[in-house]
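Participant: My questions all concern the structure below.
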Amino acid sequence: MFKKLFGKEEPVSPTVEVVAPITGKIVPLEEVPDPVFSQKMMGDGLAIEPTVGKVKSPIKGEVIQLFPTKHAVGLRALNGAEILIHIGLETVSMDGEGFESYVNQGDKVEVGQDLISFDINLIKEKAKSTLTPIIVTNSDEMSEIDQQLNGEVNGGADVVLKITKQN
Numbered sequence: 001m002f003k004k005l006f007g008k009e010e011p012v013s014p015t016v017e018v019v020a021p022i023t024g025k026i027v028p029l030e031e032v033p034d035p036v037f038s039q040k041m042m043g044d045g046l047a048i049e050p051t052v053g054k055v056k057s058p059i060k061g062e063v064i065q066l067f068p069t070k071h072a073v074g075l076r077a078l079n080g081a082e083i084l085i086h087i088g089l090e091t092v093s094m095d096g097e098g099f100e101s102y103v104n105q106g107d108k109v110e111v112g113q114d115l116i117s118f119d120i121n122l123i124k125e126k127a128k129s130t131l132t133p134i135i136v137t138n139s140d141e142m143s144e145i146d147q148q149l150n151g152e153v154n155g156g157a158d159v160v161l162k163i164t165k166q167n
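With the UniProt record's numbering as the guide, the letters of the sequence shown map in order to residues 1 to 167.
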């Protein structure tokens, strides 16, 4: 009905660019010291060793999951790609200590919008690692997941992945 009143809906591109959600250094997923991530059991992607304790939205889309402990957030891009940002390794045991979220499940988000802040030093003290996997959890529905950069990246700015949905 709204399409009739207001014109056509914008077509959704099958490819979405994913910017780095965190400032830091890219690490290949295979080097993450947790087999759930390194063996890509949850999907393909990359990891970032953060230098700043702030997670920004890597895509325009929606928050589909915010863990009660605020150590991880799931997003859905406009093309349907589902992206999990898991701050640190074994951080669930911190029970939310050192994490603050700025969004809720169901919120619409824009690229670069603040999602979560975290205390890097507290994670270093209480968890296994600050290494942060960024996973496309529905990788099997995507035809291509292309890593764009290596080395240092700026959170909310540098494109690190291009994800194309299967037709």
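We put the CB at the ideal spot given by N, CA and C, even for glycine.
Once you ignore the five residues that flank ASP44 on each side, which residues in its own chain have a CB closer than 6 Å to its CB?
Facilitator: Cβ within range, chain order: VAL136, SER139, ILE145.
Participant: Tell me the rounded alpha-carbon separation between VAL111 and LEU131.
Facilitator: In a straight line, the C-alpha of VAL111 is about 22 Å away from that of LEU131.
Participant: Could you check whether the stretch 145 to 154 touches the stretch 26 to 44, counting it as contact only if at least three pairs of C-beta atoms, one from each stretch, sit closer than 8 Å?
Facilitator: These segments touch.
Participant: From ILE163 to MET142, what distance separates their C-alpha atoms?
Facilitator: Approximately 7 Å between the Cα atoms of the pair.
Participant: Give a yes or no on whether the C-beta atoms belonging to ILE64 and VAL18 are separated by under 9 Å.
Facilitator: The answer is no: Cβ separation not under 9 Å.
Participant: How do the stretch 113 to 123 and the stretch 44 to 56 stand: do at least 3 beta-carbon pairs fall below 8 Å, yes or no?
Facilitator: Segments in contact, yes.
Participant: Note down, in chain order, each residue of its chain lying with its Cβ closer than 7 Å to the Cβ of GLN113, except the 5 sequence neighbours on either side.
Facilitator: So the qualifying residues of the chain are LYS56, SER57.
Participant: From GLY151 to PHE37, what distance separates their C-alpha atoms?
Facilitator: Roughly 19 Å between the two C-alpha positions.
Participant: In angstroms with no decimal places, state the Cα-to-Cα distance between ALA20 and VAL153.
Facilitator: So the alpha carbons of these two residues sit roughly 7 Å apart.
Participant: State the Cα-Cα distance for the pair residue 212 and ILE134, rounded to the nearest angstrom.
Facilitator: The requested residue 212 is not part of the displayed model; the chain covers only 1 to 167.
Participant: From ILE48 to ILE22, what does the alpha carbon distance come to, in whole angstroms?
Facilitator: Distance between the alpha carbons of ILE48 and ILE22: 7 Å.
Participant: Taking the DSSP output, what are the residues bridged to LYS25?
Facilitator: LYS25 pairs with GLU49, GLU152.
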